[in-house]
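The next block holds one structure in the form of structure tokens; read it before the comments.
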Amino acid sequence: MKRFKSLRFIITFLILISAIVLARLIRGNYYMISADKVYEQSLDTDEIIPFNQYEISPEDFYLVDLSNEKLFQQWHVENAVNIPYMDLLNRISFKNKYQKWLIYSNNISETVKAKMILNQKGIKAFYLDFAEINNNVAYKNVNSIGLDEKFKYKFRPDSTIRPE
Amino acid sequence: MGPVIISLNLSEWINLLIGFLIGIGFGFSLEQAGFSSSRKLAGMFYGYDTTVLKVFFTAAIVALLGSQFLSYFGLLDLDLVYVNHYYVGASIVGGVIMGAGFIMGGFCPGTAMSAASIGKIDAFVFLLGGLVGAFLFAETYPLIEEFATSSYKGPVKISDWIGISDGLFAFILIIAAVVLFWFAEYAEKRFKRPDIIEDINS
Amino acid sequence: MSFRVKFSIMIIVLGGMLVFLPSIQNKINEPKLSELFEVSTISNIYFSVDQIAKSMVREDTSILLIDLRSPEEYKAFNLPGSINIPYNDLLNRDWQGYLNQKSIKNVLYSNGDFTSTSAWIIVTRLGYENNFILKGGLNEWYNTVMESKFEGRKITAKENALFETRTKAKILFTEMNSLPDSLKVKFIAAKRLKEQQLDGGCN
């Protein structure tokens, strides 16, 4: 007991430090990977998973629909969980944090933002791509994550124009 | 203040002033701890006085813990902390030459400065020797350039090299340091020499 | 118990804590994760193609268009007044002078939303301000501006103004991109030099 008493100051100090550490750990407002790493990951095209590949083993993923509730009720992939983009950070829990997220929505920009923010939080996330089952999908633009960067038109130069 | 609190954007002269004050503090504590005596450094070599090891290792560990925790709390950007570039051959040869100089002179550059500041003549000779060495190195650099820049490894950290996290490496180093302290205490008892300070004073 | 033992116990416990700390990658000049997320939820980060068409017609110099496609695609056609920063080369230090500045609004665009949004997240994460996304990219530009047609009989004044802007932008786009290659390159080079002078270079 006497020994313990002489350690009192040190134990108080250590408890204080660990309390601060735990507070920061639980609040979790930090990046798990550096900006360079995020950039490298975004260049990786393996992160897009076609719908038919998902159908083979749906149990591997935590499927998330990022659109708003109204659109979700109109149509969604079976077993998908609805997490509107605005709500994303609040809906990350200890349970789904360690799962592989598979995300899609009607808004490609939001899907990309969500995926990159999840990556920076240390969560593995992939895009679900509907490119090949185009016709079955009730959403307007949901199919195009893989084809989004494809230019759909053709530029026709006007040969009659003369430089001034 | 270097990489700490970088968002304050202190002007250049304040940074230099802070560095100057820290330097004075460092020199003062070296002098107060008795490092201006060459016996301390030689004692490290013969094993009867391991203060140098304990002091510098403690300083390193405290700095290590401090930088890791500051980085964790977002106060320090570890990417801005300078990591020495590593040249394998040059480091080994340079380390041997420097260690031999320490033993012969009984000072390290820092303690030589603090000893010179209290007027020790041997410290002045040591510093002069250091300057001559620097001059010779600069003059003969073209001859040894090929060796000095060979086997360049870049600014590597040991933790990256082994492939473990910085935190784990810090922990291993701390354990090693504590074990080394016990060992140093043991060595001090084993190679104990009679206290000659009273003889000198009388 | 001596001070040394206490000190040893303390540093060992602190070191043990370090082992379990996650390696946090926050930099001091970067926004926090929640701040990044909050900025990403507001709709102000998007520019519509009509806004761009308007600024193009008015020769608005407060907006700089940044093309994230490859140099080949950029050379074939681009939005008038844009500069090319390929996404594959985004973090090159030469471009940081354009991306990290506080005077001009940068509008990032690519063919769609995918690349421009990725680039936006990365530059915002790095703490750069004044970067925006062209919603829909060049596909939307073609869909809205280039293919715009006058439909119906009655047209309100507002619709008329919009249509006029679109037509002017369409003509400007076609004219600029139909110039012979040699002239185009010359024009772009001249423009870049001018901007560097204004901005004080990329260093």
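Protein chains in written order, with my numbering: chain A, 840 to 1003; chain B, 6 to 207; chain C, 2 to 204.
Even glycine gets a Cβ: it sits at the ideal position worked out from N, Cα and C.
Quick caveat: nothing in here was measured; it's all calculated off a predicted structure.
Using 8 Å for Cβ pairs, my map puts residue i next to residue j. What's the rounded Cβ distance?
{"i": "N935 of chain A", "j": "Q880 of chain A", "result": "At roughly 20 Å, the Cβ-Cβ gap does not stay under 8 Å, so N935 of chain A and Q880 of chain A are not in contact."}
{"i": "T154 of chain B", "j": "Y92 of chain B", "result": "7 Å"}
{"i": "N945 of chain A", "j": "P923 of chain A", "result": "N945 of chain A to P923 of chain A, Cβ: 11 Å. No contact."}
{"i": "S111 of chain C", "j": "L69 of chain C", "result": "4 Å"}
{"i": "G111 of chain B", "j": "L46 of chain B", "result": "5 Å"}
{"i": "I40 of chain B", "j": "I108 of chain B", "result": "The sequence given here has Phe at residue 40 of chain B, not Ile. Actually they are not in contact, since the Cβ atoms of F40 of chain B and I108 of chain B sit about 15 Å apart, beyond 8 Å."}
{"i": "K136 of chain C", "j": "Y47 of chain C", "result": "4 Å"}
{"i": "A787 of chain A", "j": "L91 of chain C", "result": "This structure gives no information on residue 787 of chain A, because the portion of chain A shown stretches from 840 to 1003."}
{"i": "G17 of chain C", "j": "D987 of chain A", "result": "Wrong, their Cβ atoms sit about 48 Å apart, outside the cutoff."}
{"i": "I856 of chain A", "j": "L15 of chain C", "result": "7 Å"}
{"i": "F990 of chain A", "j": "L139 of chain C", "result": "6 Å"}
{"i": "I67 of chain C", "j": "N107 of chain C", "result": "5 Å"}
{"i": "L210 of chain C", "j": "I134 of chain C", "result": "Because chain C is modelled from 2 through 204, residue 210 of chain C falls outside the range shown and cannot be assessed."}
Excluding the five sequence neighbours on either side, which residues of its own chain have a C-beta within less than 7 Å of the C-beta of residue i, listed in chain order?
{"i": "D899 of chain A", "result": "K939"}
{"i": "Q73 of chain B", "result": "D171, G172 and A175"}
{"i": "P114 of chain B", "result": "G135"}
{"i": "G985 of chain A", "result": "I887, D968 and A970"}
{"i": "G1 of chain B", "result": "This structure cannot speak to residue 1 of chain B, because chain B is shown only from 6 to 207."}
{"i": "V184 of chain B", "result": "none"}
{"i": "Y129 of chain C", "result": "L100 and N101"}
{"i": "S3 of chain C", "result": "none"}
{"i": "F911 of chain A", "result": "D904 and N921"}
{"i": "S119 of chain B", "result": "G32, L35, E36, F40 and S41"}
{"i": "L163 of chain C", "result": "D51"}
{"i": "F852 of chain A", "result": "none"}
{"i": "Y123 of chain B", "result": "Residue identity differs from the one stated: residue 123 of chain B is Ile in this sequence, not Tyr. These residues qualify, in order along the chain: E36 and S41."}
What does a CB cutoff of less than 6 Å around residue i pick up in its chain, not counting 5 residues either side in sequence?
{"i": "T145 of chain C", "result": "V50"}
{"i": "A182 of chain B", "result": "F62 and I66"}
{"i": "Y870 of chain A", "result": "Q959"}
{"i": "K150 of chain C", "result": "none"}
{"i": "G52 of chain B", "result": "A192 and F196"}
{"i": "G201 of chain C", "result": "For G201 of chain C, the pLDDT reaches just 44, beneath the cut-off of 50, and the residue's location in the model is therefore unreliable, although a value from the coordinates is still provided. So the list is empty, once near-sequence residues are dropped."}
{"i": "I167 of chain B", "result": "none"}
{"i": "S76 of chain B", "result": "L83"}
{"i": "S1 of chain C", "result": "The requested residue 1 of chain C is not part of the displayed model; chain C covers only 2 to 204."}
{"i": "Q197 of chain C", "result": "At Q197 of chain C the pLDDT is 48, less than 50, meaning the model places this residue with poor confidence and gives no usable figure here."}
{"i": "G48 of chain B", "result": "D54"}
{"i": "K171 of chain C", "result": "V146 and M147"}
{"i": "L69 of chain B", "result": "A175"}
{"i": "D997 of chain A", "result": "none"}
{"i": "A54 of chain C", "result": "V146, T166, R167 and A170"}
Who are the near neighbours of residue i in its chain, counting only those whose CB is closer than 8 Å to its CB and skipping five residues on each side?
{"i": "L19 of chain C", "result": "none"}
{"i": "M905 of chain A", "result": "The amino acid at residue 905 of chain A is misidentified as Met; the sequence shows Leu. The residues are I922, P923, Y924, L927, I942, Y943, S944, N946, E949, T950 and A953."}
{"i": "Y88 of chain C", "result": "L69, R70, S111, T116, S119 and A120"}
{"i": "T125 of chain C", "result": "P32, L37, V40, S41 and N132"}
{"i": "R44 of chain B", "result": "D54 and G111"}
{"i": "G189 of chain B", "result": "In the sequence on display, residue 189 of chain B carries Ala and not Gly. These residues qualify, in order along the chain: T55, L58 and K59."}
{"i": "I956 of chain A", "result": "L927 and L928"}
Taking 8 Å as the cut-off, is the C-beta of residue i nearer than that to any heavy atom in the ligand ATP?
{"i": "S873 of chain A", "result": "By its list of ligands, the structure shown contains no ligand whatsoever, and the ligand ATP lies outside what it can speak to."}
(message) Suppose only complete runs of 3+ residues qualify. What are the beta strand (DSSP E) ranges in the region 903-969 of chain A, listed by chain order?
(response) As far as the region 903-969 of chain A is concerned, its whole beta strand (DSSP E) runs of at least 3 residues are 939-943 and 964-968.
(request) Decide if the region 101-108 of chain C is in contact with the region 2-21 of chain C; the criterion is three or more beta carbon pairs, one per stretch, under 8 Å apart. (result) When C-beta atoms of the region 101-108 of chain C are compared with those of the region 2-21 of chain C, fewer than three pairs fall below 8 Å, so the two segments do not count as touching.
(request) Ignoring anything shorter than 4 residues or poking outside the region 136-174 of chain B, list the alpha helix (DSSP H) runs there in chain order. (result) You should have 163-167.
(request) Please confirm if the region 26-34 of chain C is in contact with the region 56-76 of chain C, defined as three or more CB-CB distances below 8 Å between the two stretches. (result) No, they do not touch.
(request) Check whether the region 49-59 of chain B touches the region 123-141 of chain B, taking contact to mean three or more Cβ pairs, one atom from each stretch, closer than 8 Å. (result) Result no; under three Cβ-Cβ pairs closer than 8 Å.
(request) Check each residue of the region 845-874 of chain A: if its Cβ is closer than 8 Å to any Cβ of chain B, include it; give the result in chain order. (result) Per Cβ criterion, the list reads I856, I859, V860, R863 and Y869.
(message) Extract the residue ranges of the beta strand (DSSP E) inside the region 35-75 of chain C, only unbroken runs of 3 or more that lie entirely within it.
(response) Taken in chain order, the unbroken stretches of beta strand (DSSP E) that lie wholly in the region 35-75 of chain C and span 3 residues or more are 64-68.
(message) Tell me which residues of the region 63-89 of chain B have at least one Cβ-Cβ distance to chain A shorter than 8 Å, keeping chain order.
(response) For the region 63-89 of chain B, which is checked against every Cβ of chain A, the residues closer than 8 Å are F74, Y77, F78 and G79.
(request) Would you list, in chain order, the members of the region 32-56 of chain C that have their beta-carbon closer than 8 Å to a beta-carbon of chain A? (result) Correct list: K33, L34, S35, L37, F38, S41, T42 and Y47.
(request) Report the residue ranges of all beta strand (DSSP E) runs contained in full by the region 72-138 of chain C; include only those spanning at least 3 residues, in chain order. (result) Taking 3 residues as the minimum length, the beta strand (DSSP E) runs contained wholly in the region 72-138 of chain C are 83-85, 106-110 and 132-135, in order along the chain.
(request) With 9 Å as the C-beta to C-beta threshold (strictly closer), list the residues of the region 85-114 of chain C near chain A in chain order. (result) Cβ contacts with chain A: Y88, N89, L91, L92, S111, N112, G113 and D114.
(request) Please confirm if the region 76-89 of chain C is in contact with the region 173-180 of chain C, defined as three or more CB-CB distances below 8 Å between the two stretches. (result) Taking 8 Å as the limit for Cβ pairs, the verdict is that the region 173-180 of chain C does touch the region 76-89 of chain C.
(request) Name, going along the chain, the residues of the region 12-33 of chain C whose beta-carbon falls closer than 9 Å to a beta-carbon of chain B. (result) Against chain B - using a Cβ distance shorter than 9 Å - the residues of the region 12-33 of chain C are I12, I13, L15, G16, G17, M18, L19, V20, F21, L22, P23, S24, I25, N27, K28, I29, N30 and K33.
(request) Say whether the region 154-162 of chain C touches the region 59-67 of chain C, bearing in mind that this needs 3 or more beta-carbon pairs closer than 8 Å, one atom from each stretch. (result) Output reads no: the region 59-67 of chain C does not touch the region 154-162 of chain C.
(request) Let me know the alpha helix (DSSP H) ranges lying completely inside the region 84-141 of chain B, each 4 residues or longer, listed in chain order. (result) Within the region 84-141 of chain B, the complete alpha helix (DSSP H) runs of at least 4 residues are 93-110 and 114-122.
(request) May I ask you to list, following chain order, the residues of the region 917-937 of chain A that have a beta carbon less than 9 Å from some beta carbon of chain C? (result) Within the region 917-937 of chain A, the qualifying residues are Y924, M925, L927 and L928.
(request) Using a Cβ-Cβ cut-off of less than 9 Å, list which residues of the region 155-172 of chain B approach chain C; keep chain order. (result) Residues S170, D171 and G172.
(message) Just to confirm the assignment: which complete alpha helix (DSSP H) runs, minimum length 4, are found wholly within the region 844-879 of chain A?
(response) Counting only runs of 4 or more, we get 847-866.
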